[in-house]
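In terms of my numbering, the sequence shown opens at residue 1 and continues consecutively.
We treat Cβ as the ideally placed atom computed from N, Cα and C, and that holds for glycine.
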Amino acid sequence: MKINPLNLASSNDFDCIIVGQGLAGTLLSYFLLLENQRVAVIDYPIQGRTSHIAAGLINPVTGRRIAKSWRFEELVGFARQTYEALELKLSIALWKDQTIHRALHNTFEENEWLRRSSFPEFQAYLFDEPSIGEIKDKIHEPHGWGELRGAAQIALPLLIEKWKEQLVNQGLYFNEIFDYQQLRFENDRINYRDLSAEKMIFCEGAKATENPFFNHLPFLPTKGELLLVRFHELNFEQILKHNLFLIPMGNGIYWVGATSRYEYDGPNPSDYARKYLINELDKTVKVSYEIISHEAGIRPTVADVRPLLGRHSEFHNLFIFNGLGTKGALMGPFFAQQMAKYLVGFGGLDEDVDIKRFDNLDKKGHFFKTPGQED
Ligand SMILES: Cc1cc2nc3c(=O)[nH]c(=O)nc-3n(C[C@H](O)[C@H](O)[C@H](O)COP(=O)(O)OP(=O)(O)OC[C@H]3O[C@@H](n4cnc5c(N)ncnc54)[C@H](O)[C@@H]3O)c2cc1C
């Protein structure tokens, strides 16, 4: 495609070009359009992308340590408001309140659950001895159960698909693999093939590790794999967290996962993970099941487990919105709005998400000292 000067002055002239339409690119384009920006989105379904396979879980507490999710109350309130606005705009259901029944595997875990449930900040979320109901006999009974309230499940694949349809209908979606070699910086504008914009924002998920402008940031991508299964004679509406998460996806299908692996063996589903997931599932349910599919994605996780927002220190038209890690459903809306306001000049970035926090990082991810800095 050649640059067409007529196009530059008209329909291909944008305020912002976004590269990548996973959850990050979807939410950022939504908030930029609310700010009356002209937005184009370049996206291509690359193997390893994650939003279309994520369970979309928003979880108030996570991990074996039963830790409270970072800034949970603030983030979840805004997330709910955003997904509900998108539900109205797109005429789809996105938000589902959820309860998680969590297996407690030993006395230590049980005591820890009881101890934490007495802390004020956990009182709205942690409850003991839930009624597991008729599924009890079909699940391998753990030492005990805890009930986790205040969770939610977001239909992320549906959101991505329906938002893409909107962009396509408005002529704002460009379906191609972005090629960094085609970027041109001219007269304070950035040109890409026959598109021109003031700003370009990269929302490429884990693929950002190949972005020559932002690959100095300390991404620690983690591969995640899951199975979609149909159980024989087992139905439940709540989420079970046993050896794995078992999450009802509707139409009798359950999301079973996920693995988490730093060592990179390519973006495709692996035999290793399939065996692991089947083994763990067999230790969880007593019923037979049919595997419908096996999926893999690479989470855009970051060394300090915080999102990555900001402007390139040298190429001032280039920006990044990434690093949603394992908590995109919760963190995405709040920080997409913050990024959109920053891009239009109506706000700053929180220090702990601004990529400036890594200004003193070398290409290998090590901090280097500035002159005069002590140990
Ligand atoms: C197994 C698994 C389970 C998960 N479960 C949850 C969960 O329950 N809750 C939760 O909050 N999070 C979950 N996550 C994490 C969640 O998926 C991420 O936080 C979030 O989806 C990341 O969105 P993203 O837009 O940054 O990246 P992605 O969804 O990967 O999107 C990046 C987009 O950019 C495109 N792209 C990249 N490079 C280019 C290029 N050069 N040219 C064109 N297009 C390009 C990709 O094809 C893709 O469409 C899970 C992740 C995995 C792997």
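| task | For Trp70, name the three-state secondary structure that DSSP assigns. | result | coil
| message | Could you check if Arg38 belongs to the surroundings of ligand 1, using beta carbon to heavy atom distance under 7 Å? | response | no
| task | Find out if the Cβ-Cβ distance for the pair Cys203, Val344 is shorter than 8 Å. | result | no
| said: Check for me: the alpha helix (DSSP H) holding Asn169 runs from which residue to which? | reply: Leu156 to Asn169
| task | Look at the alpha carbon of Ala67 and the alpha carbon of Leu172, and state the distance between them as a whole number of angstroms. | result | 41 Å
| Three-state secondary structure (DSSP) of Ser29 | helix
| Near Lys162, what residues of its chain come up, given a Cβ to Cβ distance below 8 Å and the 5 sequence neighbours on each side ignored? | Leu90 and Ile92
| request: Can you grab the Cα-Cα spacing for the pair Lys2 / Leu183, in whole Å? | output: Legend: pLDDT at Lys2 = 39, less than 50; position of this residue unreliable, value from coordinates given subsequently. For Lys2 and Leu183, the distance between alpha carbons rounds to 13 Å.
| query | Under 8 Å between the Cβ atoms of Leu308 and Asn322? | reply | yes
| message | Shorter than 7 Å, the distance from the beta carbon of Ile53 to the closest heavy atom of ligand 1, or not? | response | yes
| task | Taking 8 Å as the cut-off, decide whether the C-beta atoms of Val433 and Gly325 are in contact. | result | Residue 433 lies beyond the range of the chain shown here (1 to 375); nothing can be said about it.
| Counting Cβ pairs, one atom from each stretch, are 3 or more of them under 8 Å apart for the segment 209 to 217 and the segment 21 to 37? | no
| Other residues of its chain near Gly310: CB distance less than 7 Å, five sequence neighbours each side excluded | Phe319, Ile320, Leu349, Asp354, Ile355 and Lys356
| said: Would you say the beta carbon of Glu204 is closer than 7 Å to some non-hydrogen atom of ligand 1? | reply: yes
| message | For Gly328, report the span of its alpha helix (DSSP H) as first-last. | response | Gly328 to Leu343
| field | Cα-Cα separation between Ile190 and Gln98, rounded to whole angstroms | value | 44 Å
| task | Provide the residue(s) that pair with Asn322 in DSSP beta bridges, ordered along the chain. | result | Leu308
| request: Classify Thr107 as buried or exposed, calling it buried when 16 or more other Cβ atoms lie within 10 Å of its own Cβ. | output: exposed
| request: Compare the Cα-Cα distances from Asp352 to each of Gln47, Ile17 and Trp70 and report the closest residue. | output: Trp70
| task | In the DSSP assignment, find the unbroken beta strand (DSSP E) run with Arg115 in it and report its ends. | result | From DSSP, Arg115 is part of no beta strand (DSSP E) but of the alpha helix (DSSP H) over Thr107 to Ser117.
| query | Is the Cβ-Cβ distance between Lys164 and Gln21 less than 8 Å? | reply | yes
| If you compare alpha carbons, which of Pro248, Ala24, Val41 and Leu33 is closest to Tyr192? | Val41
| request: Please look up how many angstroms separate the CB atoms of Leu126 and Arg116, rounded, as I've assumed it's under 8 Å. | output: 6 Å
| task | Could you name the residues of the same chain whose beta carbon sits closer than 7 Å to that of Leu330, not counting the 5 residues immediately before and after it, in chain order? | result | Ile58, Ser69, Leu75, Val76 and Ala79
| field | Cβ shell of Met249 (< 6 Å), same chain only, five flanking positions each side left out | value | Trp255
| message | Just to confirm my understanding: we take Gly347, look at its own chain, exclude 5 residues before and 5 after, and list those with CB closer than 7 Å. What are they? | response | Gln338 and Lys341
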